[in-house]
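These protein sequence lines map, in sequence, to chains R and X.
Sequential numbering of the first sequence, starting at 80, is according to my numbering.
Sequential numbering of the second sequence, starting at -13, is according to my numbering.
Think of the CB as a built atom: it goes at the ideal place given N, C-alpha and C, for glycine as much as any other residue.
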Amino acid sequence: MGIGSIALGAGLGIPKVLAETDNGFLVENKEQYGMTPVELLSGKEFPYQIKPDILKNMPNRMTVFSRDGWDPVRREERKKVREAQGGRSMFQINMIDKKGKSPNQTRLDYALMQASWATAHMDPFYNWETQSYSIKQLAEFGKWDPSDNDLSWEEASVALKHASLFYGASLAGIAKYNPLWVYDEYIHAQEGSNRKLIPENISNVIALAFEEDYDGICNSPGRLASAATGDGYSRMAVTAHKVAEFIRALGYQAIPAGNGTALSIPIAIDAGLGELGRNGLLVTPKYGPRVRIAKVFTDMPLVPDPPIRFGVKEFCDSCMICAKDCPSGSISVDEQTWEGKSVSNSNGAKKWYIQPEPCNDYNGFSCSNCKRNCPFNKPNNSWIHKLIRDNINLKSKALDKIMVKMDAASGYGVEVQASEFWEKDGKASITSRDPQA
Amino acid sequence: MFSIIIGICLAIGFVGLYNRAKSKNLKISWWQWAVTIIWLLYTGFVLKLIEGFIIEGALRAALVMGGIFGFLSIVAAVLLFRFVFFKSLSHE
């Protein structure tokens, strides 16, 4: 009996437990945090500091992507990058000059990358109004009241997150709408522009995070990392659109957005999806920085989620791997500051500011080295990584340094060749599709 | 499955040590038994660690982490048998 019980205890896992309301409704998916213990902050506390006298709405035209189109300084910098490549684009170099045979840049790799962006920018995914007759039909019943289904607004908020996961998001959270995060062009009318502004009745934002393929990201700066990125963008568009249509069917307003309209990362932080890392990315408990973010603005009176803290800032203080290994030197090795060095930085928050210009110029969309190297980015399907995340929450500098060394010694963070990727089981590489993860 | 095998092996190991101590009338104090149990559990943890990395496909991690933690387990085993079970035997 003694032997049996010891054997059973060692062999059986502890089953997952999800909370339920009195009427049997699923209240919360505790797997949101990947079993990582997180500190839930109160609604008035956030895992960041801002100076309201400095922080302003960032103009969309000042993002480095936009500046590439109109800023003569950026145009000159891009021209120099092209000249350094002999006047050829990376596509021309890899597919024509090297005949599609360069490792990690083959035609097969390019095909995976190009196709992954297939639905990223299609209409009508980010439209502000529905074009569906069936959605309009449902909306005609007026604004849905959860009490019609014996639900509270808290339970309705969980239902909305459940729908978001159903439609393909890896993580979903709700934040109170903060106009400061919206790009200036969507808050203040611009002269000569008929761009729509975010309506004043918008009250909440649903933040959606999409896990990027681990094996693809590990190929960075190869093309497969861009394929993982592109796949993330494509899923963002489709899911944000569906979530928006779901909200519209319930009679409320919904404005889906990808990278545009507002800053995704602070919205995701406010929604409790993670903290800001040294690499300038959202770091989530389950997937680290290996996520893409979309959001849906709404006037639905939802219950916001609390922001969280789980030791990212303290870990990033000690780690520095992303900064040391960034091939373009874009990531800060210094302490957090209130202002960045680039005109494309949104100053006024205490954080590590990256330099987006050299980042954008290095290998275009393919580079995800900072995601590849980040010790937080591990797949969430292993008890080992979950245990390590538990230790990170202890916020011990000495332990953090040891874990960084062990991470590197174990061979994590190095570039995985595309040839290895193609031999793997593609179904298994996005752990959010694994219910055990 | 592997977990059950580890559990069974550890259980057999413990029972084996206990039976040996009983049959040889060894005087092993409670804290020495506690250390023995901790060592057994730690060894089980190391084996699970190696298994976890192998399942994930991180073979280098299995080798490095298994080597570091496994080495500590071996050192602990040598010390345990030298100063607990062997020392107790020499006092018969």
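Query                                                                                                                             : Result
Alpha-carbon to alpha-carbon, proline 385 of chain R and asparagine 102 of chain R                                                : Confidence in asparagine 102 of chain R is poor, its pLDDT being 34 and thus under 50, which makes the residue's placement too unreliable to answer from.
Contact belief for asparagine 136 of chain R with valine 261 of chain R at Cβ below 8 Å, rounded distance in angstroms            : 6 Å
Reference isoleucine -8 of chain X, options X:Phe67, X:Thr22, X:Ile41, X:Lys34, closest by Cα                                     : X:Lys34
Simplified DSSP state of isoleucine -2 of chain X, which is helix, strand or coil                                                 : helix
CA-to-CA distance, serine 407 of chain R to glycine 247 of chain R, given in whole angstroms                                      : 33 Å
Min CB distance phenylalanine 71 of chain X to chain R below 8 Å                                                                  : no
Coil, strand or helix - asparagine 108 of chain R by DSSP                                                                         : Only weak support exists for where asparagine 108 of chain R lies, its pLDDT of 42 falling under 50; the value from the coordinates is given anyway. Asparagine 108 of chain R: coil per DSSP, three-state reduction.
Serine 409 of chain R beta carbon less than 8 Å from that of proline 437 of chain R                                               : yes
Residues near glycine 52 of chain X in its chain [Cβ-Cβ closer than 8 Å; skip 5 each side]                                        : Val32, Leu35, Ile36, Phe39
Close Cβ partners of lysine 457 of chain R (< 6 Å) along its chain, the five nearest in sequence each way excluded                : His464
Arginine 327 of chain R and alanine 333 of chain R closer than 8 Å at C-beta                                                      : yes
Given 8 Å, three or more beta-carbon pairs between the segment 301 to 311 of chain R and the segment 189 to 201 of chain R        : yes
CB-CB length for valine 375 of chain R against alanine 323 of chain R, believed under 8 Å                                         : 5 Å
Boundaries of the alpha helix (DSSP H) in which lysine 403 of chain R is found, first to last residue                             : 400 to 404
Cα-Cα separation, serine 231 of chain R to leucine 239 of chain R                                                                 : 12 Å
Where valine 143 of chain R falls: helix, strand or coil (DSSP)                                                                   : helix
Reference threonine 563 of chain R, options R:Asn439, R:Ala477, R:Ser445, closest by Cα                                           : What the structure shows of chain R is the stretch from 80 to 516, and residue 563 of chain R is not part of that stretch, so it cannot be assessed.
Among R:Trp462, R:Leu250, R:Tyr265, R:Glu393, nearest to lysine 474 of chain R - alpha-carbon criterion                           : R:Glu393
Runs of alpha helix (DSSP H) lying entirely within the segment 294 to 357 of chain R, each at least 4 residues, in chain order    : 302 to 328, 343 to 349
For isoleucine 266 of chain R, three-class secondary structure by DSSP                                                            : coil
Length of the line joining the Cα atoms of tyrosine 4 of chain X and tryptophan 25 of chain X                                     : 14 Å
Candidates R:Asn273, R:Gly179, R:Ile372: closest to phenylalanine 289 of chain R by CA position                                   : R:Ile372
Proximal residues of chain X, C-beta to C-beta of proline 458 of chain R below 9 Å                                                : Glu42
Simplified DSSP state of leucine 230 of chain R, which is helix, strand or coil                                                   : coil
Alpha carbon of isoleucine 60 of chain X to alpha carbon of isoleucine 23 of chain X, nearest angstrom                            : 15 Å
Limits of the alpha helix (DSSP H) - the one that valine 61 of chain X falls within                                               : 45 to 66
Length of the line joining the Cα atoms of proline 435 of chain R and serine 421 of chain R                                       : 7 Å
Whole-angstrom distance between isoleucine 172 of chain R and alanine 163 of chain R, CA atom to CA atom                          : 12 Å
Interface flag, glycine 38 of chain X vs chain R, CB-CB below 8 Å                                                                 : yes
For isoleucine 296 of chain R and serine 447 of chain R, believed in contact at Cβ under 8 Å, the rounded distance                : 5 Å
Extent of the continuous alpha helix (DSSP H) to which phenylalanine 39 of chain X belongs                                        : 16 to 42
Spatial neighbours of glycine 179 of chain R in its chain, beta-carbon cut-off 6 Å, leaving aside the 5 residues before and after : Thr185, Arg186
Reduced DSSP category for alanine 235 of chain R - H, G, I as helix; E, B as strand; rest coil                                    : helix
Closer than 8 Å to chain X by CB, glycine 353 of chain R                                                                          : no
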